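Student:
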Amino acid sequence: MLTTQYSSWFILLCLAVGAGYAALQYSAKAPWSKQRNYALAALRFTVVSFLCYLLLAPFIKTTTTHTEQPTLVLAVDNSQSVELFTPKNVLGQATSGLARLAETLRGKGFTVETRTLTSSPARPARPDSLRFSAATTDLDQLLAGTRDAYDGRNLAGVVLVSDGLANQGRSPAYSEFNFPIYSVAVGDTIPKRDLRLTGLTYNRVAFSGNKFPIEAELGFEGYAGGAATVELREGNKVLDSRRVALPAGRRRVRTTFQLTAPAPGKRRYEVLIAPQPGEFTELNNARTAFIEIVKGKLRVLLAGAAPHPDLKALRAAILANDNFDLTLALPGINPLKADADFDVAILHQLPAQDGLGNELLAQVKARKTPAFYILGAQSDLAAYNQLGAGLSIQPRGAQTDDVTPVPNPGFARFATDEESARRFAQYPPAPVPFGDYRLGVGAEAALWQQVGRVGTQKPLLVFGGPADRRQATLLTDGSWQWRLSEAVEHDDKPEAYDRLIIRTLQLLTQNANKKRLDVYASQDAFGTQDDVTLGAETYNAVFERLYNQKIDLILTDAKQQARRFSFANAEDGSPLHLGPLPAGLYKYQARATLGGQPQQDAGELLVQAQPLEALESKADHNLLAQLSRRSGSQLYYPSQLDKLAQDIIKANYKPVITAEEELKDLINLKWIFFVILGFLTVEWAVRKYSGSV
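First residue of the sequence shown: 54, per the numbering used here; consecutive thereafter.
(1) Can you find the residues in the same chain that come closer than 8 Å, C-beta to C-beta, to Asn566, ignoring five residues on each side of it along the sequence?
(2) Does the separation of the CB atoms of Ile720 and Leu125 fall below 8 Å?
(3) Does the beta-carbon of Asp375 have 16 or more other beta-carbons within 10 angstroms, so that it is buried, or is it exposed?
(4) Taking the alpha carbon of Phe377 as the point to measure from, which residue in Leu558, Pro664, Thr99 and Gln582 has its own alpha carbon closest?
(5) Grab me the residues of Tyr490's own chain with a C-beta within less than 7 Å of its C-beta, minus the 5 sequence neighbours each way, in chain order.
(6) Give the DSSP-derived three-state secondary structure of Ile326 in the structure shown.
(7) Span of the alpha helix (DSSP H) holding Trp533?
(8) In the DSSP assignment, find the beta strand (DSSP E) that holds Pro458 and state where it starts and stops.
(9) Tell me whether Ala49 sits in a helix, a strand or coil according to DSSP, three-state version.
(10) For the alpha helix (DSSP H) holding Trp62, just list the boundary residues, first then last.
(11) Can you tell me whether DSSP reads Asp718 as helix, strand or coil?
(12) Does the Cβ-Cβ distance between Ala405 and Ala358 come in under 8 Å?
(13) Check Leu737 in the structure and name its three-state DSSP category.
(14) Leu631 and Leu587 - do their beta-carbons sit closer together than 8 Å?
(15) On the three-state DSSP scale, how would you describe Thr118?
(16) Using beta-carbon positions only, say whether Thr591 and Leu606 come within less than 8 Å of one another.
(17) By the 10 Å Cβ neighbour count, where 16 or more other Cβ atoms means buried, how is Thr469 classified, buried or exposed?
(18) Residues in its own chain within less than 7 Å of Lys603 by CB, not counting five upstream and five downstream?
(19) Between Arg168 and Thr199, is the Cβ-Cβ spacing less than 8 Å?
(20) Measure the Cβ-Cβ separation of Arg475 and Glu539 and say whether it is below 8 Å.
(21) Could you check where the beta strand (DSSP E) with Lys603 kicks off and where it finishes?
(22) Taking the C-alpha atoms as reference points, what is the distance between Ser681 and Asn675?
(23) Using 8 Å as the Cβ pair cut-off and three pairs as the minimum, do the region 318-330 and the region 235-242 touch?
(24) Bridge partners of Thr646, per DSSP?
(25) Mapping the DSSP letters down to three states, classify Gln559 as helix, strand or coil.
(26) For Glu497, count the other beta carbons within 10 Å of its own beta carbon; 16 or more makes it buried, fewer makes it exposed. Which is it?
(27) Name, in chain order, the residues that DSSP records as bridge partners for Tyr480.
(28) Could you please give the first and the last residue of the uninterrupted beta strand (DSSP E) stretch that includes Thr341?
(29) CA-CA distance, Leu55 and Lys114?
(30) Do Val297 and Leu336 have their CB atoms nearer than 8 Å?
(31) Where does Trp501 fall in DSSP's three states?
(32) Tell me whether Glu669 sits in a helix, a strand or coil according to DSSP, three-state version.
(33) For Leu634, does the three-state DSSP call read helix, strand or coil?
(34) Identify whether His361 lies in helix, strand or coil by the three-state DSSP scheme.
(35) Pull up the DSSP beta-bridge partners for Asp130, would you.
(36) So the candidates are Leu137, Arg97, Tyr203 and Gln78; which of them puts its Cα closest to the Cα of Glu40?
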């Protein structure tokens, strides 16, 4: 439709101008015929009237309608437990029924798409090509991902095919979904005759020569009143074996093995239940414990300028880990003994104003002890800037910002898991000095500051200093609020805060080895589904960081099979990605040439098998029924898929029709210019041919 923002009366004015112009041009006697004169006048009238009309800024309004058919998503739990515990005839009935359901609904105008635990949005699965291979089940993520992917679209509903067993993420019963969920129950609600190891409890670190426990939890179905043989092995060697009674009326029992820690190094112990006659599966009969044996506890000095809630929070975080000995010092209250020995120092608001605690600082500096500085209201920032900790601060008066921590994704020295990042986001704001921050050479920020909802590139936790005396800085003395709020929100388990403090201390001490090539695993242990990653740092002869250095790495498994890799340590801290690896203890050797000198490093990494899908055989159809009831639907079984198709058709889901208007200025259409030019050219050519211009 052609229209303009001006009154239609202006069109008459445009026609009048065109008529007047044509009359003025062609009213005099002409040397050509009267018919030709009228034709030329009509051309001139048309061109001038249309040019005047273009001054009114006319535009074309077009309306396009789109019809979107209702979409039904087949959300299939393709985890290993579904195939493992669902009778084959029932599973076959379900997969063939899904294909038939999709075909029936497409014939009724529905768009049918399939999503699984492992499919990507770019490559959706098909009902006739399902592979039940997912090692974990996160039903909440499957449904929430569907909700997000189809937001704003005509989503009629979701057919959820599952056994109801979720072992990752939160239960979908606590989430809200704005679409009907038609649950199709597979699996088996009758427990299988089975023995399984449901868990191992142990400390990941033990001290050489000390005794340490490994506690195993056994689950059992169908063997009550009998006994099971449980073995503790290291490699092919049986370290301990015992008979464990399986009392009637219970489903779980525990037994504990006591070991003496051998020489330092990483050890792999396997707890195994001997298979019993009639046992459904042996996949869940073994679990592995990876334990690092170290020489002794890490000695930590916790020193503060004055009593402060931070000191209590730090002390609690450190003492929650058995691998640390703690010494507390307060100048003028509890001074540090001259003969005190420690591996790392936490200096709270030191250096302080008025020189408080300078003797203690001098003692730490003289020993070249790695230091963790925590800045606060009593800190002397000018004195801190002289310490060479990798950060300089130019404050703007006594102003502060209230910030929360945000992990720096480019920091690879230790990984921050998703749960810790979520907990960080829930921390109350803590004060930091307001000013200008400058990172020194080789310094890295592990945490950024977030002000309100605005993320910044200002550091909150910084690692820096020379390689022979690593140092870290936390720019707030309000972190005690973080630990307190996390303990309140998570049943007195402030795990994210404690892990942050422990990893900071571990990182400070492990870097005191003056290695010019340092290759390390990005986390303590990996699962078989994880992407195994290694980070690397390189230094020149004076221990300044180097980047983009070629590093050759050989990874060897327990069978002495070697894999070779070559990579460079990028400035953004991106690690070497090895991909998923089978469970086991791997050793690696790394080599690089730095400044013309060959350097090498070696280490170990642990990959742990997690047979989560084999731990529970009894399907949870109550969860599926609850999800369907809340969304106004009901629970179905594979034999009822034809009835499900009819129920969906009877629900009479309608297509959604949307209209889209597009406005386009007429003057922007290029072909109009050529039409006007053609008219004028014809008029000129006729006049020229007829003897006049």
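Glycine residues also receive a C-beta, built at the ideal position from the N, C-alpha and C atoms. As the structure is a prediction and not an experimental result, all values here were calculated from the model.
Tutor: Let me lay it out:
(1) The predicted position of Asn566 is uncertain, since its pLDDT is 47 and thus under 50; a value taken from the coordinates is nonetheless stated next. Contacts found: none.
(2) no
(3) exposed
(4) Leu558
(5) Leu444, Ile446, Lys511 and Pro512
(6) strand
(7) Ser532 to Glu542
(8) Leu444 to Pro460
(9) This structure does not reach residue 49, given that the chain is present from 54 up to 746, and the question cannot be answered.
(10) Trp62 to Tyr79
(11) strand
(12) yes
(13) The amino acid occupying residue 737 in the given sequence is Trp; Leu does not appear at that position. The answer is helix: DSSP assigns Trp737 an H, G or I state.
(14) yes
(15) strand
(16) no
(17) buried
(18) Ser619, Ala621 and Ala645
(19) yes
(20) no
(21) Lys603 to Thr609
(22) 10 Å
(23) no
(24) Pro651
(25) helix
(26) buried
(27) For Tyr480, which the question treats as bridged, DSSP gives no partner whatsoever.
(28) Ala339 to Val347
(29) 6 Å
(30) no
(31) strand
(32) coil
(33) coil
(34) coil
(35) Looking at the DSSP assignment, Asp130 forms no beta bridge with any residue, so it has no partner.
(36) What is shown of the chain runs 54 to 746, which leaves residue 40 out entirely.
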